[in-house]
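Worksheet for the structure shown next.
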């Protein structure tokens, strides 16, 4: 007798708790947000249906466009600088030498500090009256003071540097793990064939670490796309929107100005932007090995 | 041999100078925190020692500044969220990797979407729903949302680890009469201890440090977690530099302790867990 394959409901029960929480905390809010973004109102009481007006408005809103431009610049600079510095560090810390464990632990440490605390820590580097940079310049006899955080030209980079300080450690660890997977005998063989250390690195190590690179860059794009805490804590988007990001603009529109429909439309735009960038990565991760 | 030595010296010099740059923020924070108000009035330099170390800044920040209270709240939320979240994630990862379900790859991909959904999109809906369900300013509300946002990463890590456990073990257990639940609780979960340990630490830190959702859900000082409380603290004492820095300083002590105790897990475990 051929037994008909029955659906094993018991197996699905194991998925249930995660599924319920996931649907209610992630999927439902996404759908609800799309709905809200098609309306105007304060979120309390009646919302007026306005169709795609909020989305049209975005592209004639100069502050939104500034935030978008800043955010893209932020992503590009974060990815390029973090990847190169952390890869360099990983290579330097890969071989056994005295103090290696210390340096690894040391450069990783900022990762465990709350981003909001990182912002608050860096305020004292940039403080124009008692901050480190101005005091240091004074000490070595250079009479130059800057307002750093509140300077329109410098603000963006002050936040970026604080964020880099925190963000280097994690990719460094991933690169270190990636470097372990490169077989030593291949490198040795190449060395015997006369390949220099640069050739070996770029022709063998880097291609073999492709998966690590993809993962590091994807996670960096995702995290820098939604950067919030460090900006909020240091500049809150100012001065004159010089550090305004999509997330901070969305936040202030929604919770400071009560433009809930418009703020939510910005959040939906962030999701769309993310989907375009990250779907290839998800496909790559989910594929059956 | 000589060039090798030279290379090593260059490496040390570079690493040490980078390390010095890296330590500046911490130095600045500490050097400011030990100074009293009068030190700032007298225009003391950052690099000078204060007249007398103002250790009271730290004590005051903890008590009057309520940092200790915020820590208690944060610890409570983290200690409920982390084990509960990991248990839920492990159940799902177990079903995806080892049980007889259809479309396992699609289900896994569906769970992964959460990793790239910016929290921002959930803020307004959560705010509206929580207001009507009276879940704002409750630990249970905050914890529930935190578990939701942790699910994607947790399933990613645990699935990777569960897949490495050989299939024969399931067979053997089944022959011995273990059902799905027994297999999960007594065999698979204990075998995944390294992954669970790493996940626990990263999850604890992520929960402890979370700011954005907490600002939306918690507005009452009584329930604030450390990051939100820290911003309140800074807002309340805008000009008292030493006191402010002392507050930030003490707020990072718990993570510093966790880091020092579990350091090995960070540097080795993390890479392993994520790679799998």
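Residue numbers (my numbering), protein chains in the order written: chain A, 51 to 339; chain B, 759 to 1034. Using N, Cα and C, we set each Cβ at its ideal position, and we do this for glycine too.
Problem set entry | Bridge partner(s) assigned by DSSP for residue 1023(B) | In the DSSP output, where bridge partners are listed per residue, residue 1023(B) has none listed.
Measuring alpha carbon to alpha carbon, tell me which residue in 309(A), 321(A) and 264(A) is nearest residue 129(A).
264(A)
| said: From the DSSP secondary-structure annotation, give me the bridge partner or partners of residue 90(A). | reply: 98(A)
For chain A, find out if any of its Cβ atoms is closer than 7 Å to the Cβ of residue 906(B); answer yes or no.
yes
Next on the checklist: Can you tell me whether residue 353(A) is buried or exposed? The criterion is at least 16 other CB atoms within 10 Å of its CB, across all chains shown.
Outcome noted: Absent from the structure is residue 353(A), since the part of chain A shown begins at 51 and ends at 339.
Taking 7 Å as the CB-CB cut-off, is residue 198(A) touching chain B? no
May I have the straight-line CA-CA distance separating residue 108(A) from residue 940(B), to the nearest angstrom? 54 Å
Self-check item: Partner residues on chain B for residue 79(A), Cβ-Cβ distance less than 7 Å
Solution: Those are 879, 880, 883 and 884, listed as they occur along chain B.
Checklist entry - Is it the case that the Cβ atoms of residue 1023(B) and residue 965(B) are separated by a distance below 7 Å? => result No, Cβ-Cβ distance for residue 1023(B) and residue 965(B) is not below 7 Å.
Checklist entry - Along chain B, in chain order, which residues have C-beta atoms closer than 8 Å to that of residue 340(A)? => result Residue 340(A) is absent from the structure shown; chain A starts at 51 and stops at 339.
- Item | DSSP-derived helix/strand/coil call for residue 899(B) | helix
If I'm right that residue 985(B) touches residue 172(A) with Cβ under 8 Å, what's the distance once you round it to whole angstroms?
The pair is not a contact, with the Cβ atoms about 15 Å apart (cut-off 8 Å).
Exercise. Can you tell me whether DSSP reads residue 978(B) as helix, strand or coil?
Worked result: If DSSP states are grouped into helix, strand and coil, residue 978(B) belongs with coil.
Query raised in the report: Where are the alpha helix (DSSP H) runs, 4 residues long or more, that stay fully inside the stretch 903-954 of chain B, in chain order?
Result: If we require 4 residues or more, the alpha helix (DSSP H) runs fully inside the stretch 903-954 of chain B come out as 926-933.
| said: I need the straight-line Cα distance from residue 215(A) to residue 207(A), nearest angstrom please. | reply: If you take the alpha carbons of residue 215(A) and residue 207(A), they lie about 12 Å apart.
Legend entry - Neighbour-count burial assignment, residue 123(A), 16 or more Cβ in a 10 Å radius: exposed
| Is the shortest distance between the beta-carbon of residue 1033(B) and the beta-carbons of chain A less than 7 Å? | Here residue 1033(B) scores only 48 on pLDDT, less than 50, and its place in the model should not be relied on; the value that follows carries that caveat. Yes, its Cβ sits closer than 7 Å to a Cβ of chain A.
Exercise. Mind listing the chain B neighbours of residue 194(A)? Cutoff is C-beta to C-beta under 8 Å, in chain order.
Key: Here the premise fails: no neighbours, minimum Cβ distance about 16 Å.
TODO: Kindly provide the ranges of any beta strand (DSSP E) runs that are 3 or more residues long and lie completely inside the stretch 129-160 of chain A, ordered along the chain.
DONE: none
Legend entry - Length of the line joining the Cα atoms of residue 876(B) and residue 70(A): 19 Å
>> Just to confirm, is the Cβ distance from residue 136(A) to residue 314(A) under 7 Å?
In response: no
Could you spell out the range, first to last residue, of the alpha helix (DSSP H) harbouring residue 220(A)?
-> 219-230
Nearest chain B C-beta to residue 183(A) closer than 7 Å, yes or no?
Under the 7 Å criterion on CB atoms, residue 183(A) is classed as non-interfacial with respect to chain B.
task = Identify whether residue 874(B) lies in helix, strand or coil by the three-state DSSP scheme.
result = helix
**Report entry** Residues from the stretch 832-862 of chain B in contact with chain A, defined by Cβ distance under 7 Å
**Finding:** 846, 847, 849, 850, 852, 853, 857, 858 and 859
Per-residue DSSP class, three states only, for residue 339(A):
With a pLDDT of only 49 at residue 339(A), under the threshold of 50, the placement of this residue in the model should not be trusted, and no figure is reported.
Note to self: I'd like the list of long-range same chain contacts for residue 977(B), defined as Cβ closer than 8 Å, with 5 residues on each side in sequence excluded.
What the structure shows: Excluding its 5 nearest sequence neighbours in each direction, residue 977(B) has C-beta neighbours in its own chain below 8 Å: 894 and 895, listed in chain order.
Does residue 872(B) get closer than 7 Å to chain A when you measure Cβ to Cβ? yes
Which of helix, strand or coil DSSP assigns to residue 830(B)
helix
Problem - Inter-residue Cα distance where the pair is residue 886(B) and residue 311(A) - result: 13 Å
Report task. Could you name the residues of chain A that residue 1001(B) contacts, counting a contact when the two beta carbons are closer than 7 Å? Result -> None at all; the shortest Cβ gap to chain A is about 13 Å.
If we define contact as Cβ-Cβ less than 7 Å, is residue 980(B) a contact residue for chain A?
no
Practice prompt. Determine the direct distance from the alpha carbon of residue 908(B) to that of residue 775(B), and round the result to whole angstroms.
Written response: So the alpha carbons of these two residues sit roughly 37 Å apart.
### Query
Helix or strand or just coil, what does DSSP make of residue 124(A)?
helix
C-beta neighbour in chain B for residue 72(A), strict 7 Å
Interface residue, yes.
Cutoff 8 Å; reference residue 170(A); Cβ partners in own chain excluding five residues on either side = The residues are 283.
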